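Accompanying notes for the structure given below.
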Amino acid sequence: MTDAPSVRGAEVGRRIGVGLMYGLWKPRVLGAWRVPATGPVILAVNHSHNVDGPMVMGVAPRPTHFLIKQEAFIGPLGTFLEGIGQLKVDRTSADRTAITRALDVLKNGGVLGIFPEGTRGDGDFASLRAGLAYFAVRGGAPIVPVAVLGSTEKRGRLIKGLPPLRSRVDVVFGDPFEAGDGSGRRTRKALDEATVRIQERLTGHLADARRLTGR
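The UniProt record's numbering applies: residue 1 is where the sequence shown begins, and numbers increase by one.
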């Protein structure tokens with residue numbers, strides 16, 4: 001038996017994120033109104049920088065529970081992440097505890113944040129893992145694509161690992177869509193087909209976001 005992640009904690013995390021992200025940088029948020037106001041939803045976020053998750057957490061209109069690699073849950077940071085309702089996942093195996101807790105988020109009508117590429121990279125959705133399709137189909141949740149642009153354009157002077165302070169970072173939310181084909185099938189073939197559909201939608205959104213923002 002696992003405890004569902006704290007919704008109250010995630011709201012606290014969102015408020016902390018608002019203060020930090022708007023205090024350190026200049027987020028420009030486009031299309032946040034596209035995130036359904038109620039019910040389960042998955043935010044599928046491209047991942048090119050460590051700041052991308054906190055940025056989305058701070059600018060999203062609803063508190064978000066992100067699946068985060070277990071390596072980040074070390075010492076005080078791990079305690080903090082668990083306190084604000086984030087989900088620890090072991091990427092080396094089928095982490096049943098993480099899967100159950102993520103599905104609980106959706107079952108309770110919450111927002112699940114996923115980096116579908118599985119790890120930080122070019123942030124272009126070129127390599128998707130099947131986990132996103134599984135959660136979308138099994139959890140019956142629409143996917144909202146999210147493009148974070150500008151977090152890797154320059155390195156900060158004070159802290160090399162972060163974008164320059166007060167620089168602009170664009171966060172573009174896309175239209176929600178269903179990953180499944182409407183049949184309700186959860187076979188490997190159905191999930192593979194859903195992953196292909198998801199990748200087309202996410203890469204299309206990223207291209208639209210780049211045109212829209214000029215980045």
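Heads up, the beta-carbon is just placed ideally off N, CA and C, and yes, glycines get one too.
None of the values given here were measured: they were computed from a predicted structure.
Does the count of Cβ pairs from the segment 12-30 and the segment 96-103 closer than 8 Å reach three? Verdict: no, contact absent.
Could you tell me whether the Cβ atoms of G90 and A130 are closer together than 9 Å? First, the amino acid is wrong: residue 90 is Asp here, not Gly. A130 sits away from D90, with the two beta carbons spaced by 9 Å or more.
With respect to the alpha helix (DSSP H) encompassing P76, which residues constitute its N-terminal and C-terminal limits? Counted as a single uninterrupted DSSP element, the alpha helix (DSSP H) harbouring P76 occupies residues 75-83.
Whose C-beta lies closer than 7 Å to the C-beta of A133 among residues of the same chain, with five residues either side of it excluded? Cβ within range, chain order: A179, L191, A194, T195, I198.
In the DSSP assignment, what residue or residues form a beta bridge with D170? Beta-bridge partners of D170 (DSSP): R28, L149.
For a minimum of 4 consecutive residues, which ranges assigned as the alpha helix (DSSP H) are wholly contained in the segment 14-75? Whole alpha helix (DSSP H) segments, 4+ residues: 52-59.
If we ignore side chains and look at the alpha-carbon of each, how far apart do T213 and I42 end up? Distance between T213 and I42, taken at the CA atoms: about 23 Å.
Do you know offhand how far M1's Cα is from R34's? For M1, the pLDDT reaches just 48, beneath the cut-off of 50, and the residue's location in the model is therefore unreliable, leaving the point undetermined.
Beta-carbon within less than 7 Å of R186's beta-carbon, same chain only, minus the 5 sequence neighbours each way: which residues are those? The answer, listed in chain order, is V137, R138.
Report buried or exposed for S151, applying the criterion of at least 16 other Cβ atoms within 10 angstroms of its Cβ. Its Cβ being crowded by 16 or more others within 10 Å, S151 is buried.
Hey, could you find the ends of the alpha helix (DSSP H) G139 is sitting in? From DSSP, the alpha helix (DSSP H) with G139 extends over 131-139.
Between which two residues does the beta strand (DSSP E) containing G184 stretch? Taken as a continuous stretch (DSSP letters only), G184 belongs to no beta strand (DSSP E), as it is neither H nor E.
Excluding the five sequence neighbours on either side, which residues of its own chain have a C-beta within less than 6 Å of the C-beta of P61, listed in chain order? Excluding positions up to five away in sequence, the list reads A32, V35.
Tell me whether L106 sits in a helix, a strand or coil according to DSSP, three-state version. For L106, the secondary structure class from DSSP, reduced to helix, strand or coil, is helix.
Within this structure, are the beta carbons of P40 and V148 separated by less than 9 Å? Going by C-beta atoms, P40 is not nearer than 9 Å to V148.
Local conformation of L112 per DSSP, three classes: Correct three-state label for L112: strand.
The beta strand (DSSP E) that contains L87, what's its start and end? Judged by DSSP secondary structure, L87 falls within the beta strand (DSSP E) whose first and last residues are 87-89.
Other residues of its chain near V18: CB distance less than 8 Å, five sequence neighbours each side excluded: Result list for V18: G58, V59, in chain order.
Candidates V7, R168, S6, L202: which alpha carbon is nearest M21's? Checked all of V7, R168, S6, L202; the closest Cα to M21 is R168.
Distance between L67 and F73 (C-alpha atoms, nearest Å): Computed Cα separation, rounded: 11 Å.
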